[in-house]
Structure formats: C-alpha cells, structure tokens
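At position 129 of the sequence shown the residue is numbered 799 (the numbering used here), and the sequence of numbers has no breaks.
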Amino acid sequence: MDNDTYSDKRIIKYASENLISIKIDAEKDSGPEQKKKYRVRGYPTILLLDSFGNEIDRIVGYRPPDEFMAELVRIEIGTNTLSSLQSKYLRNMDDPSLELTLVEKYIDLNVKDSAEKHLKNALQYYEQENEFTFQNIFNISQLYYRIGSVDVSIELLDKIVENDIDSSETAYFYGLLYKTKVSNKVDDLLQYVSIIDNIEWKKLSYWQVIRIVKKSGEDPDLEASLYLKAVNLYDKNYKYLPSLLNGFAWRMTELGRNLPKALEKVNIALEYGEDIPILDTKAEVLWKLGRTEDALEIINKCIQGDPNKKHYQDQKAKFLENNNI
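This is the structure we're talking about:
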C-alpha cells in the first residue's frame with residue numbers, strides 16, 4: 671500500500687488534517703504487544719483509535735486509494751463502525767438482530783473469537799424464545815461457516831432439514847456442500863448438482879469439487895470437465911469474466927485438456943481489452959496447440975508491452991527451444 675494508497679495526495683491530506691498516524695511493525699519493538707492488545711490477525715491492519723486508545727474501527731487488508739478514502743470518510747461520520755455497533759448493542763442486548771450485525775462486523779474485521787461469542791448468544795436466544803425459523807438458523811449457520819466452524823454450521827443445517835422447516839431444501843444443499851468440503855468426497859454433491867436447475871448452486875458445487883479434485887491431482891479429466899461447465903455458467907455481465915476465462919485457459923494448459931476451448935475462452939477475454947497477462951495465456955495455449963509461430967507473435971507483444979518482465983522472455987525462449995517449425 672506504500673506505493674499507491676499511502677502515497678496518494680488525498681490520503682496524505684486527509685491524514686494530516688484528521689489523524690495522528692503511527693506505523694508499527696507488528697514483529698518489532700512494541701509491535702507484538704500492540705498486536706496482542708488489539709487482536710490483530712493479519713496485515714496490513716489499520717486501527718482507528720480515539721484519544722483514549724479505544725478502537726473506533728479498523729481497515730483490514732489492501733485497499734486501493736479510492737476505496738481506502740471512502741473507508742476513512744465512513745469511519746469519520748460513524749457509519750457502521752465497530753464502536754457505533756457496540757454502543758447500539760449495549761443499549762439493547764436482548765435484540766439478536768443487533769448482535770448478529772455485530773457478529774458480521776467482527777468477522778469483517780477478522781476478530782473471530784468475539785464473533786463466536788456473540789453467535790452463541792444469538793443462537794441461545796432463538797432456542798429459548800422458540801424462534802427456530804429457517805431464516806434465523808440459516809443465517810447463524812452461514813456466520814458459523816464464515817468463522818471456520820464448519821461442523822457447527824452443518825449441525826444447524828441438519829436441524830433445519832430434520833425439522834422440515836420452510837426452505838429446508840436450501841439447508842440440505844448447503845449442508846451437502848459443506849460436508850463435501852470436510853470429507854473431500856465429491857460423488858454425492860456431483861449427483862445432486864446433476865439434477866438441480868439452480869445456477870448459483872451449480873456454480874458453488876462445481877467450484878467446491880474443482881478445489882478438491884485439483885488438490886488431489888487424481889482426476890485431471892474430471893477437473894477439466896467441471897471447470898468448463900463452471901465457466902459456461904457465467905455470462906458477459908459478470909464483472910470478472912476476463913479474469914475467470916483467463917484462469918480457465920491457463921489451467922487447461924497445465925492440464926493439457928480442452929485446449930481448443932481454452933483458446934476460444936481466452937479470445938473472448940481479450941475482447942474486453944488486450945491485457946498483457948491474458949495475451950501471455952493465449953501465447954501458452956497456442957504453443958500447447960503446436961502453433962509456435964502464432965505463440966511467438968503473441969509473446970513478442972507481451973515483451974513489447976512489458977520488456978522488463980523476465981517471465982515473458984523465458985516464455986519466448988521456451989517456445990524457440992521447442993520450435994518444431
């Protein structure tokens with residue numbers, strides 16, 4: 671963030687006028703103590719504190735300048751800050767909706783132990799008040815999943831199914847999805863996805879199975895087949911379509927499968943603009959298809975666009991070394 675966000679003139683001006691900024695290395699000097707005190711889980715983490723050292727809110731992870739600036743303004747006016755949500759909850763501790771809003775905030779800030787404590791409170795409230803509705807329990811199950819308590823999430827989803835609560839089919843699907851993640855056994859999920867029409871569920875299912883199959887490395891044909899099915903579910907309105915298609919094409923070069931389809935997809939990605947990394951993928955696909963002359967033509971474009979990147983030079987050398995023209 672030093673190279674773009676922190677050096678942005680707007681950020682510098684805002685910080686100089688509104689903040690006292692201190693940069694701390696979490697591994698040196700007082701860093702470990704501060705890291706423990708404020709329960710910092712990852713880097714970068716930007717803590718916004720009041721004059722007494724109480725946390726107002728935090729910004730976790732990389733943010734480009736525009737997004738970082740928007741976050742600073744949001745925090746300044748007190749919108750959805752940790753301190754404002756804590757205050758609302760303390761004024762009405764019997765409102766589980768406020769508690770769950772606080773849970774989501776803690777998850778966003780990567781403070782999962784606090785999130786879990788409030789999740790237990792909300793679940794206990796719903797059980798005591800006999801408000802075991804689909805929406806209440808399903809929401810809690812998803813929050814448990816987000817903090818990594820997959821077993822608890824599955825248990826709650828199974829309860830919805832066992833009690834035949836409205837929308838239990840949704841609970842069944844997510845339960846099956848999470849069980850597949852835990853067991854790494856894909857057959858039941860693949861069988862289920864073959865008979866459903868829900869596009870979003872199909873996407874989630876394919877990506878889950880692809881991750882498992884890719885990790886095992888035991889069935890490249892299945893991985894390639896499911897990857898193609900997955901990308902075919904996305905239309906031109908998908909914001910990240912070029913990146914998705916580029917990822918598919920490159921993976922197919924690694925697997926040595928679906929190469930004609932890979933070329934088709936990478937060409938679609940390039941219709942959105944001649945992005946150099948996507949051109950690099952196209953060159954690799956062409957080379958794997960035995961079209962070395964075409965591959966060299968494309969990789970030369972990459973070199974012209976970014977002459978200092980060693981990868982493109984290495985790619986050209988590889989193509990020339992294996993040139994069967």
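For each residue, glycine too, the CB sits at the ideal point set by N, CA and C.
These numbers come from a predicted model, not from an experiment.
Sequence-distant residues of its chain with Cβ nearer than 8 angstroms to residue i (five each side left out)
i: Leu898; result: Phe918, Asn928, Lys931
i: Asn833; result: Phe802
i: Leu813; result: Leu770, Val773, Glu774, Ile777, Ala785, Leu789
i: Ile835; result: Phe802, Thr803, Phe804, Ile807, Ala841
i: Asp764; result: Tyr795
i: Gly887; result: none
Exposed unless 16 or more other CB atoms sit within 10 angstroms - verdict on residue i
i: Leu847; result: buried
i: Ile995; result: Any answer about Ile995 is weak, because its pLDDT of 43 lies below 50 and its placement is not dependable; what the coordinates show is given next. Exposed.
i: Ser700; result: exposed
i: Leu933; result: buried
i: Leu779; result: buried
i: Ser686; result: exposed
i: Glu954; result: buried
i: Arg996; result: As displayed, the chain neither begins before 671 nor continues past 995, which places residue 996 out of reach and without an answer.
i: Lys935; result: buried
i: Ala987; result: exposed
i: Asn809; result: buried
i: Leu689; result: exposed
i: Glu991; result: exposed
i: Met922; result: buried
i: Lys980; result: exposed
i: Asn978; result: exposed
i: Lys775; result: buried
i: Phe843; result: buried
i: Lys952; result: buried
i: Ala792; result: buried
i: Ile807; result: buried
i: Ile692; result: exposed
i: Ile682; result: exposed
7 angstroms Cβ shell around residue i - same chain, five flanking residues per side excluded
i: Tyr982; result: Asp950, Ile969, Cys972, Ile973, Asp976
i: Lys758; result: Leu768
i: Thr771; result: Leu755
i: Asp828; result: Gly845
i: Ile745; result: Leu718, Ile726, Asp727, Thr751
i: Leu742; result: Tyr684
i: Asn762; result: Leu768
i: Phe722; result: none
Pair within 8 angstroms by beta-carbon distance, residue i and residue j
i: Asp945; j: Leu956; result: no
i: Lys873; j: Ala900; result: yes
i: Leu760; j: Val773; result: no
i: Ala894; j: Leu915; result: no
i: Leu959; j: Phe989; result: no
i: Pro766; j: Tyr815; result: no
i: Lys787; j: Ile824; result: no
i: Asn937; j: Thr962; result: no
i: Ile716; j: Ile777; result: no
i: Lys855; j: Val820; result: no
i: Leu826; j: Ser837; result: no
i: Pro947; j: Leu925; result: no
Contacting residues, own chain, Cβ-Cβ under 6 angstroms from residue i (five flanking each side not counted)
i: Ser875; result: Leu859, Val863
i: Asn907; result: none
i: Gln985; result: Ile969
i: Gly731; result: none
i: Ile729; result: Ile716, Glu741
i: Lys884; result: Glu893
Whole-angstrom C-beta distance between residue j and residue i, which should lie under 8 angstroms
i: Ile869; j: Leu903; result: 6 angstroms
i: Met671; j: Pro702; result: Their Cβ separation, rounded to whole angstroms, is 21 angstroms, which puts Met671 and Pro702 out of contact at 8 angstroms.
Distance cut-off 7 angstroms: residue i Cβ against heavy atoms of the ligand ADP
i: Asn833; result: Judged by which ligands are present, the structure shown has none, so any question about the ligand ADP falls away.
Mind the definition here: the stretch 844-863 touches the stretch 872-888 only if three or more C-beta pairs lie below 8 angstroms; say whether that holds.
In this structure the stretch 844-863 touches the stretch 872-888; the number of beta carbon pairs closer than 8 angstroms is three or more.
Using 8 angstroms as the threshold, is the stretch 800-815 in touch with the stretch 744-764, meaning 3 or more CB pairs across them?
The stretch 800-815 makes no contact with the stretch 744-764; the number of CB pairs closer than 8 angstroms stays below 3.
Give a yes or no on contact between the stretch 675-687 and the stretch 697-707, applying the rule of three or more CB pairs nearer than 8 angstroms.
By the C-beta criterion, the stretch 675-687 is judged not to be in contact with the stretch 697-707, since fewer than 3 inter-stretch pairs fall below 8 angstroms.
Touching by the beta-carbon criterion (3+ pairs, under 8 angstroms), the stretch 783-798 and the stretch 732-747
The stretch 783-798 is not in contact with the stretch 732-747.
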